[in-house]
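Chemist:
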Ligand code: HPA
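Numbering (my numbering), first residue to last: 7 to 279.
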């Protein structure tokens, strides 16, 4: 018999017990270097992953391992600081576990952030890109196997990144004097960065940015009827777009530099929901 991997209901039960009756409406997944966003959450309840069944400790530098629930701009939110990447050896089910737990908790809006390499030629390190659509090039899918209770077998992915949320993000960004790009995010399994030939391939396939996360979370969210907004921080130009060598340090540094701007955007957006 095929198993369904870690059980989101058990995780949600433990999380719910810590929420003291508050139901988070919005979940925010914090990407590389974006952890400080969690510090803006008021009345914060911090839940280290060790306390949550099925949540393993992330091993990547710059990624914590905790959920932070509380209020942001007056709304009940839950933030995920530290995600489960396939390249760490996690299954698609583990990568999607937090999103499924959020669905169990009643979250209806997911904001995913990530660090990504810029493929579109006009992008510069520090560009913020609203994700308009995705290419799941991990060749994994968290919906593989038996259908889970409450999930769709064949979710429609044609408006995975909610157009209304994107429009709202642009309005909030404009108000804050930010310029936001918009494009297609390609999610690969990693962990090696792409070769220049792979980046040329991705460019021809229609990708504007490339990274190693997000796509499976959004698949799981859509199967649960959660609307999604995705924001990529372009931390570097993808391999071959610039001749500079790529490094995780550069990625972390740029992500940290843009963190405040991104935090302002997310906070403004949550307030405007
Ligand atoms: N490629 C893949 N993932 C990334 C990159 C990149 O260039 N930058 C940040 N995450």
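By construction, the Cβ of each residue, glycine as well, lies at the ideal position given by its N, Cα and C atoms.
May I ask you to list the residues that DSSP assigns as paired with residue 72?
Modeler: 54, 87
Chemist: Roughly how many whole angstroms lie between the Cα atoms of residue 228 and residue 43?
Modeler: 24 Å
Chemist: Ignore the nearest five residues each way along the sequence and tell me which others in residue 192's own chain have a CB closer than 6 Å to its CB.
Modeler: 141, 143, 208, 213, 216
Chemist: Determine the closest residue to residue 60 out of 125, 92, 41, 13, with distance taken between C-alpha atoms.
Modeler: 13
Chemist: According to DSSP, simplified to helix, strand and coil, what is residue 278?
Modeler: helix
Chemist: So is the beta-carbon of residue 199 under 7 Å away from any non-hydrogen atom of the ligand HPA?
Modeler: Under cutoff, so the answer is yes.
Chemist: If you check the beta carbons only, do residue 118 and residue 236 fall under 8 Å apart?
Modeler: It is a contact, given that the beta carbons lie within the stated cut-off.
Chemist: According to DSSP, is residue 124 part of a helix, a strand, or is it coil?
Modeler: strand
Chemist: Based on DSSP bridge pairs, tell me the residues matched to residue 228.
Modeler: None, per the DSSP bridge assignment.
Chemist: Could you pull the start and end residues of the alpha helix (DSSP H) that residue 99 belongs to?
Modeler: Note, residue 99: alpha helix (DSSP H), 98-111.
Chemist: Which value, in whole angstroms, describes the spacing of the CA atoms of residue 17 and residue 116?
Modeler: C-alpha separation (whole angstroms): 18 Å.
Chemist: With DSSP run on the structure shown, which of helix, strand or coil describes residue 153?
Modeler: coil
Chemist: Which class does residue 192 belong to by DSSP, given the choice of helix, strand or coil?
Modeler: DSSP places residue 192 in strand when its eight states are reduced to three.
Chemist: Check the C-beta distance from residue 131 over to residue 275 and give it rounded, since I have them as a contact under 8 Å.
Modeler: The Cβ separation is near 23 Å, so there is no contact.
Chemist: With DSSP as the reference, label residue 135 as helix, strand or coil.
Modeler: strand
Chemist: What would DSSP say about residue 17, mapped onto helix, strand or coil?
Modeler: Residue 17: helix per DSSP, three-state reduction.
Chemist: In the structure shown, what three-state DSSP assignment does residue 187 receive?
Modeler: strand
Chemist: Cα separation between residue 136 and residue 222?
Modeler: 17 Å
Chemist: Counting beta carbon pairs with one atom in the region 155-165 and one in the region 194-209, are three or more of them shorter than 8 Å?
Modeler: no
Chemist: Quick check: the region 22-32 against the region 78-96, are at least 3 beta-carbon pairs closer than 8 Å?
Modeler: Note that the region 78-96 touches the region 22-32; at least 3 beta-carbon pairs, one per stretch, sit closer than 8 Å.
Chemist: In chain order, what residues of the same chain lie with their CB nearer than 8 Å to the CB of residue 138, ignoring the 5 residues before and after it?
Modeler: 167, 172, 188, 189, 190
Chemist: Can residue 41 be considered in contact with the ligand HPA, in the sense that its beta carbon sits closer than 7 Å to one or more heavy atoms?
Modeler: no
Chemist: Start and end of the beta strand (DSSP E) containing residue 215?
Modeler: For residue 215, the uninterrupted beta strand (DSSP E) run begins and ends at 215-217, by DSSP.
Chemist: Hey, would you say the C-beta of residue 230 is under 7 Å away from at least one heavy atom of the ligand HPA?
Modeler: At a cut-off of 7 Å, the beta-carbon of residue 230 does not count as near the ligand HPA: no heavy atom of the ligand is closer than that.
Chemist: Starting from residue 236 and walking both ways along the beta strand (DSSP E), at which residues does that stretch end?
Modeler: 233-243
Chemist: Look up residue 45 in the DSSP assignment and say whether it is helix, strand or coil.
Modeler: In the displayed model, residue 45 falls within a helix according to three-state DSSP.
Chemist: How about residue 147: is its Cβ closer than 7 Å to a heavy atom in the ligand HPA?
Modeler: no
Chemist: Within 10 angstroms of its Cβ, does residue 110 collect 16 or more other Cβ (buried), or is it exposed?
Modeler: Residue 110 counts as buried, since at least 16 other C-beta atoms from the protein chains shown sit within 10 angstroms of its C-beta.
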